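*Asks:* Provided herewith is a single structure, encoded as structure tokens, for subsequent inquiry.
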Amino acid sequence: MAIDGQNPLRLTNHPKTDKVPNWSPDRKSIVFTSNRNRGNWDIYKMNIDGQNVVRLTDDLVKDDRASWSLDGKQIAFTSTRELKGLVFISWMQ
306 MAIDGQNPLR LTNHPKTDKV PNWSPDRKSI VFTSNRNRGN WDIYKMNIDG QNVVRLTDDL
366 VKDDRASWSL DGKQIAFTST RELKGLVFIS WMQ
């Protein structure tokens with residue numbers, strides 16, 4: 306999309322919901338939350354052109370709201386594991 310908001314580019318085209326995108330500090334990747342895996346909310350990563358989508362979490366709980374560390378080496382995300390609202394940190398190697 307241009308700075309003026311013209312020419313938007315659709316990055317995902319999945320019948321399930323993709324939400325809460327977050328750009329990496331180097332502007333090369335986006336993490337987001339999706340329920341495209343059996344309806345479970347997991348964290349995914351993709352290139353900024355929408356290609357190379359990779360699921361980063363795979364469990365039966367809700368993982369949500371991923372956010373990058375300033376150096377781009379980790380993401381933090383919320384999760385309902387253990388029936389609590391917890392925050393987890395994952396290395397992005």
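Position 11 (the sequence shown) corresponds to 316 in the working numbering; numbering is contiguous. Don't be surprised by glycine CBs; every beta carbon is placed ideally from N, CA and C. Note that the coordinates shown come from a computational prediction; the quantities given were computed from them, not determined experimentally.
Is the distance from the Cβ of L388 to the Cβ of G355 below 9 Å?
*Replies:* no
*Asks:* Just confirm the distance between the C-beta atoms of N352 and K333, as a whole number of angstroms; I'd bet it's less than 8 Å.
*Replies:* Under the criterion of beta carbons closer than 8 Å, N352 and K333 qualify as touching, at roughly 7 Å.
*Asks:* With the cut-off set at 9 Å, would you say N345 and V366 are in Cβ contact?
*Replies:* In this structure, V366 lies closer than 9 Å to N345 by Cβ.
*Asks:* Output the distance between the C-alpha atoms of T362 and D309, rounded to the nearest integer angstrom.
*Replies:* 35 Å
*Asks:* Let me confirm a value: D368 is counted as buried when at least 16 other C-beta atoms fall within 10 Å, else exposed. Which label applies?
*Replies:* buried
*Asks:* What does the alpha-carbon distance come out to for the pair S372 and K324?
*Replies:* Rounded to whole angstroms, S372 to K324 spans 13 Å at the Cα level.
*Asks:* Confirm, please, whether the CB-CB distance from D364 to D347 is below 9 Å.
*Replies:* yes
*Asks:* If I measure Cβ to Cβ from K321 and keep anything under 7 Å in the same chain, skipping five residues before and after, which residues do I get?
*Replies:* S339, N340 and R341
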